[in-house]
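Participant: Position one of the sequence shown corresponds to residue 615 (my numbering), numbered consecutively onward.
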Amino acid sequence: MRHIGDAHERELNIVRGGGDVHGPTQTRMDSATGQDRKRQINTLYWWSSNETRYPVLSRLARDILNVPMSTVVSKSAFSQGRQQLGDNQHSLGSNAMNVLICLRDWIRAERRNQGIKSEPNDEQRLEEIMTSREFSAESSPMYGTVKDIVDDSFVPSQNLDQCTPIHLNLVARHGTRAPTKKRLRELEAFAARLEVLVRDVKEQKQSLDKIPAWLMGWNSPWNGKRTGGELISEGEDELYDLGIRVRERFPSLFSEEYHPDIYSIKATQVPRASASAVAFGLGLFSGKGKLGPGGHRAFAVTSESRASDIVLRFHDCCQSYKNFRKSQEPTVKNLKEPILDEITRELVRQYGLNFTKQDVSTLWFLCRQEASLLNITNQACSLFGPAQVSLLEWADDLELFVLKGYGNSLNYRMGVPLLEDVIQSMEQAIKAKEEGYAPGSYEKASLRFAHAETLLPFSCLIGLFLEESEFELIQREQTLQYPPKPPKTRNWRGSIVAPFAGNNMLVLYSCTSNNSNKYFVRVLHNERPIPIPGCNGSDSCPFEVLKERIVTPHLKHDYNTLCNMNLEQKKKDSPPSMFSRMFGWIFSPRNADTPTQKVEL
615 MRHIGDAHER ELNIVRGGGD VHGPTQTRMD SATGQDRKRQ INTLYWWSSN
665 ETRYPVLSRL ARDILNVPMS TVVSKSAFSQ GRQQLGDNQH SLGSNAMNVL
715 ICLRDWIRAE RRNQGIKSEP NDEQRLEEIM TSREFSAESS PMYGTVKDIV
765 DDSFVPSQNL DQCTPIHLNL VARHGTRAPT KKRLRELEAF AARLEVLVRD
815 VKEQKQSLDK IPAWLMGWNS PWNGKRTGGE LISEGEDELY DLGIRVRERF
865 PSLFSEEYHP DIYSIKATQV PRASASAVAF GLGLFSGKGK LGPGGHRAFA
915 VTSESRASDI VLRFHDCCQS YKNFRKSQEP TVKNLKEPIL DEITRELVRQ
965 YGLNFTKQDV STLWFLCRQE ASLLNITNQA CSLFGPAQVS LLEWADDLEL
1015 FVLKGYGNSL NYRMGVPLLE DVIQSMEQAI KAKEEGYAPG SYEKASLRFA
1065 HAETLLPFSC LIGLFLEESE FELIQREQTL QYPPKPPKTR NWRGSIVAPF
1115 AGNNMLVLYS CTSNNSNKYF VRVLHNERPI PIPGCNGSDS CPFEVLKERI
1165 VTPHLKHDYN TLCNMNLEQK KKDSPPSMFS RMFGWIFSPR NADTPTQKVE
1215 L
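1. Roughly how many whole angstroms lie between the Cα atoms of F934 and C1177?
2. Would you identify the three-state DSSP class for T685, choosing helix, strand or coil?
3. Below 7 Å between beta carbons: does that hold for V1135 and L1160?
4. Flag this pair as touching only if the region 989-1006 and the region 956-969 have three or more C-beta atom pairs under 8 Å; answer yes or no.
5. Among S1083, G1108 and Q1038, which one has its Cα closest to the Cα of Q1092?
6. What's the gap between the Cα of G906 and the Cα of E1081?
7. Can you check whether the CB of A1112 is closer than 7 Å to the CB of L1070?
8. By how many angstroms is the C-alpha of V1030 removed from the C-alpha of Y1020?
9. Ordered along the chain, which non-local residues of its own chain (more than five positions away) have a Cβ less than 8 Å from that of D1224?
10. Where does the unbroken beta strand (DSSP E) through K880 begin, and where does it stop?
11. How about the region 875-883 and the region 1049-1060: do they share at least three Cβ pairs that are nearer than 8 Å?
12. Suppose the cutoff is 8 Å on Cβ atoms and the five residues either side in sequence are ignored; what does the same chain contact list for K795 look like?
13. From the DSSP output, read off the bridge partner residues of I1146.
14. Grouping DSSP H, G and I as helix and E and B as strand, with all else coil, what is M1040?
15. Would DSSP call Y757 helix, strand or coil?
16. Put A786 into one of helix, strand or coil per three-state DSSP.
17. To which residues of the same chain is K1212 closer than 7 Å at the C-beta, ignoring the five residues directly before and after it?
18. With a threshold of 16 other CB atoms inside 10 Å of the CB of Q776, please say whether the residue is buried or exposed.
19. For C1149, collect the residues of the same chain with a Cβ closer than 6 Å to its Cβ; drop the 5 residues on either side in sequence, then sort them by chain order.
20. Taking just the CA atoms, how far does G789 sit from L845?
21. How big is the Cα-Cα spacing for A914 and E850?
22. Beta strand (DSSP E) containing F1063: first to last residue?
23. Taking 7 Å as the limit between beta carbons, can you name the residues of its chain near H1145, skipping five residues before and five after?
24. Considering only the alpha carbon of each residue, which of H1171, P1147 and N989 lies closest to I1164?
25. If you run the structure through DSSP and keep just helix, strand and coil, what is N1025?
26. Which of helix, strand or coil does DSSP assign to V1165?
27. For the pair the region 878-896 and the region 780-789, tell me if three or more CB-CB distances fall below 8 Å.
28. Can you tell me whether G908 is buried or exposed, with buried defined as 16 or more other CB within 10 angstroms of its CB?
29. Going by the beta-carbon positions, is the gap between G1116 and N1140 smaller than 7 Å?
30. Below 7 Å between beta carbons: does that hold for R859 and L898?
31. What are the start and end residues of the alpha helix (DSSP H) that includes H929?
32. Tell me whether the beta-carbon of I957 lies closer than 7 Å to the beta-carbon of Q1002.
33. Of all the options Y854, E800 and P1097, which has the alpha carbon lying nearest to the alpha carbon of D1011?
34. My output table needs one value for F938: the three-state DSSP class, helix, strand or coil.
35. Would the C-beta of E870 count as close to the ligand GDP, meaning under 6 Å from any of its heavy atoms?
36. With burial defined as no fewer than 16 other Cβ atoms inside 10 Å of the residue's Cβ, what is the status of M830: buried or exposed?
Here's what the structure looks like:
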């Protein structure tokens, strides 16, 4: 032990520059590396070659120098000034961010040590992964990861700073949900499909080296799960936190005691939507009651029958829309097919597995589910490069555009009953203000929870995500062009226009000024001010201008006419009254073994 200690002391003294305690002042390292300092050397190789001369320090060198060191702080790791873990990177998990930071620095360090200039392709590939809005939004489409993706070029208006909010309309999509039963079955079938693909490679005596290890023996994370589509805990948190933020942002609107006539909460009858409404209400009214340690209180959530809910489930009650969607399936397939063909060929060539287009489509779905629900990005997502991710997201956006967005006017005009409901609630709030209604006697907030098929048409009705020229085309009932293909920029991105818990808020303000306009409406999308083309690109608009320029042109379209509904059909589809249900229950034969019919949505 004494011998080792002495050797250690001599070596440390050499490194300190003090000379060998038992030798000359000039260090042995100096003599050994005097010539080496004039040229670049491989440090690890030098210590390996001199291991017998410096046994202790060589061990330290082997342990320390073997670990690639990051020479930059995390906030400076990206070469672009505004790409410092900012808006475009918020959706990456901490593990993914650590991997990418280290990977970039390791590549740079290796090339520096070898005197090789960094290849642009390596840098560009990492930069694309880090800054790709498509990848980050699609990998984590949950609300918390996309609500902060904003257009930095848009400056919110300041004209409402001296105004008071008097009413709030909220239209929100349900929070993050589990995969539906149909998707669960698809993933279970895909596990069996992967077994066949790998077995084919083995039978053909081909190398398995190109096949990612995770694909061998893969099973669906939801294997054995028989129910799907329910709101998961992340979705509950999204809506609960949203409720808290809304209350904190508009304290004057939520200062009164709860009453369903003051704070109306509505949801569709689909469980994930009603559960989202409950989670939101728990956050909104937290600390306002006496239930439990959180001071919660009870509140009402009302729903219409699925068969007659033309305000929040207008898409489900519109026969014309159902026919249109079915007729457009070949169109959507033809739009997406070239993209899937191209990516399928690339994956077959890269991994040696005989993937089909359906396999690639399932892998893309699995990528999004793993990343958003399980925080896994090194499996299905690792199969796709940034350029492929951009194309796949664009293909998804095309489908959304055609079937639920601006691709056809029926997609959004069937949402006129919801638009009318929103405008009527604001008119009633203005009337209450004008006539001096007593506090607690009129509605202050109308809060609605539904689906992407509700949120998207409503966004289209008020002209969001359009340029001014496109808005004019919509007003003239002309068709819009499809969103441009990457790398061109586009406003229409499904991961932003309708993420889980995505929402639109229309806030009505009362303003006291010499201006002739006393009431203004500000539109917030995912809690952020957003330009309204019908209001000269501002995020706020005089209420009367909003009605005249944006709302009125849509109101000429009658829902029943658009959707081929008639009064007889509506009466047939309407649920029976409570009295008739009780009468039927009393006098009709009952069979306890008869299962209730469920509709999967």
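Don't be surprised by glycine CBs; every beta carbon is placed ideally from N, CA and C.
Facilitator: In short, the structure shows the following:
1. For the purposes of this step, residue 934 is taken as residue 320 along the sequence shown, with counting starting at 1. For the purposes of this step, residue 1177 is taken as residue 563 along the sequence shown, with counting starting at 1. Note that residue 934 corresponds to Ser in the displayed sequence, not to Phe. Using only the alpha carbons, I get a separation of about 5 Å.
2. Locating residue 685 in the sequence shown gives position 71, where the first residue counts as 1. Reliability fails at T685, whose pLDDT of 48 lies under 50, so the model's placement of it is uncertain and no value is given.
3. For this step, residue 1135 is matched to residue 521 along the sequence shown. For this step, residue 1160 is matched to residue 546 along the sequence shown. A contact, by the Cβ cut-off of 7 Å.
4. yes
5. In the sequence shown, the residue the question calls residue 1092 occupies position 478. Among S1083, G1108 and Q1038, the Cα nearest to that of Q1092 is on S1083.
6. The residue you call residue 906 lines up with position 292 of the sequence shown. The residue you call residue 1081 lines up with position 467 of the sequence shown. For G906 and E1081, the distance between alpha carbons rounds to 49 Å.
7. For the purposes of this step, residue 1070 is taken as the residue at position 456 of the sequence shown. For the purposes of this step, residue 1112 is taken as the residue at position 498 of the sequence shown. In this structure, A1112 lies closer than 7 Å to L1070 by Cβ.
8. Against the sequence shown, residue 1020 aligns to sequence position 406. Against the sequence shown, residue 1030 aligns to sequence position 416. Computed Cα separation, rounded: 15 Å.
9. In the structure as shown, the chain begins at 615 and stops at 1215. Residue 1224 is therefore absent and cannot be evaluated.
10. By one-based count along the sequence shown, residue 880 stands at place 266. Its beta strand (DSSP E) spans residues Y877 to A881.
11. yes
12. The residue labelled residue 795 in the question sits at position 181 within the sequence shown. So the list reads R840, T841, G842, G843 and E1214, once near-sequence residues are dropped.
13. Along the sequence shown, one-based indexing puts residue 1146 at 532. Answer is S1152.
14. If you number the sequence shown from 1, residue 1040 lands on position 426. Reduced to three states, the DSSP call for M1040 is helix.
15. Your numbering for residue 757 matches position 143 in the sequence shown. Reduced to three states, the DSSP call for Y757 is helix.
16. Against the sequence shown, residue 786 aligns to sequence position 172. Looking at A786 - three-state DSSP - the assignment turns out to be strand.
17. Start at 1 with the first residue of the sequence shown, and residue 1212 comes out as number 598. Since pLDDT at K1212 reaches only 37, below the 50 mark, its modelled position is unreliable, and the value read off the structure follows with that caveat. Hits under 7 Å: none found.
18. Taking the sequence shown and counting its residues from 1, the one referred to as residue 776 is at position 162. Looking at its Cβ environment, which holds fewer than 16 other Cβ atoms inside 10 Å, Q776 is exposed.
19. The residue you call residue 1149 lines up with position 535 of the sequence shown. C1155.
20. By one-based count along the sequence shown, residue 845 stands at place 231. By one-based count along the sequence shown, residue 789 stands at place 175. L845 and G789: Cα-Cα distance of roughly 6 Å.
21. If you number the sequence shown from 1, residue 914 lands on position 300. If you number the sequence shown from 1, residue 850 lands on position 236. Spanning the two alpha carbons is a distance of roughly 17 Å.
22. Your numbering for residue 1063 matches position 449 in the sequence shown. Residues A1059 to A1064.
23. Within the sequence shown, numbered from 1, the residue matching residue 1145 stands at position 531. Note that residue 1145 is Pro in the sequence shown here, rather than His. Only F768, G1151, S1152 and D1153 meet the Cβ criterion.
24. Numbered from 1 along the sequence shown, position 550 holds the residue referred to as residue 1164. Ranking H1171, P1147 and N989 by Cα distance to I1164 puts P1147 first.
25. If you number the sequence shown from 1, residue 1025 lands on position 411. Here N1025 sits in helix by DSSP.
26. The count along the sequence shown starts at 1 and reaches residue 1165 at position 551. Three-state result, V1165: helix.
27. yes
28. If you number the sequence shown from 1, residue 908 lands on position 294. By the 10 Å Cβ count, G908 comes out exposed.
29. As a working note, residue 1116 is residue 502 in the sequence shown. As a working note, residue 1140 is residue 526 in the sequence shown. Yes; because the gap between Cβ atoms is below 7 Å, this pair is in contact.
30. Position 245 of the sequence shown, counted from the first residue, corresponds to residue 859. Position 284 of the sequence shown, counted from the first residue, corresponds to residue 898. For R859 and L898, no; Cβs fall outside 7 Å.
31. Taking the first residue of the sequence shown as position 1, residue 929 is located at position 315. Note, H929: alpha helix (DSSP H), F928 to C931.
32. Start at 1 with the first residue of the sequence shown, and residue 957 comes out as number 343. Start at 1 with the first residue of the sequence shown, and residue 1002 comes out as number 388. Contact: yes.
33. For this step, residue 1011 is matched to residue 397 along the sequence shown. When each option's Cα is compared against that of D1011, the closest is P1097.
34. Within the sequence shown, the letter at position 324 stands for residue 938. Of the three classes helix, strand and coil, the one that applies to F938 here is helix, per DSSP.
35. Inclusion of the ligand GDP in the displayed structure is not the case, the ligand content being empty and no account of it being possible.
36. As a first step, residue 830 is located in the sequence shown; it is residue number 216 there, counting from the start. Exposed is the call here.
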